[in-house]
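Quick note: the sequence shown uses numbering that gives the first Met the number 0, first residue 0, plus one each step.
By construction, the Cβ of each residue, glycine as well, lies at the ideal position given by its N, Cα and C atoms.
All remarks here apply to the structure that follows.
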Amino acid sequence: MKILTRIEVIGGRCRLIVKRSVTENGLSAYHLGSEYQDYPDCAKEIREAAEEAMRILDIRFGSLDIIEGSLGFFIIDVNAVSNASEDNTEMFHFDLMKETAQYIAQQYREIKNKKKERESL
């Protein structure tokens, strides 16, 4: 069975890492029947590469799909927007959309506070 690694990054940190199976038609997606499993022992090198790729691309939250193999690992897809349904939250034991929303709200508050500081000078 072929496996993809999906890493969700929020605020420069890997927040969710799962392995995802590839279906018979060569695609990997929940709605096509791909199976997901937690991947707590994902290599540090892969986690760091994911965070660095998102930093370079200036994407503050989103996901990457990575193929791991005997020749190493390869980032094959980067998504600037994640999507997860309620059943994904239950499956992952992690609310990706809630954490993303909290990150956006935090960033907004910081921008607003900096603007107030500049205006008071």
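Query raised in the report: Is the Cβ-Cβ distance between D76 and D64 less than 8 Å?
Result: Yes, the pair counts as a contact, with Cβ atoms nearer than the cut-off.
Requested in this report: Identify whether Y38 lies in helix, strand or coil by the three-state DSSP scheme.
Outcome: Assignment of Y38 by DSSP, reduced to helix, strand and coil, places it in the coil class.
Requested in this report: Determine the direct distance from the alpha carbon of E23 to that of Y107, and round the result to whole angstroms.
Outcome: Note on geometry: alpha-carbon atoms of Y107 and E23 lie some 43 Å from one another.
Report task. Throw me the rounded Cβ distance for the S20 and I2 pair, which I believe falls under 8 Å. Result -> Right, the Cβ-Cβ distance comes to about 6 Å (below 8 Å), so this counts as a contact.
**Report entry** DSSP state of N112 mapped onto helix, strand, coil
**Finding:** DSSP, reduced to helix, strand and coil, places N112 within a helical segment of the structure shown.
Query raised in the report: Got a sec? Which residues, its chain only, sit under 7 Å from E34 by beta carbon, not counting five neighbours each side?
Result: Hits under 7 Å: S20.
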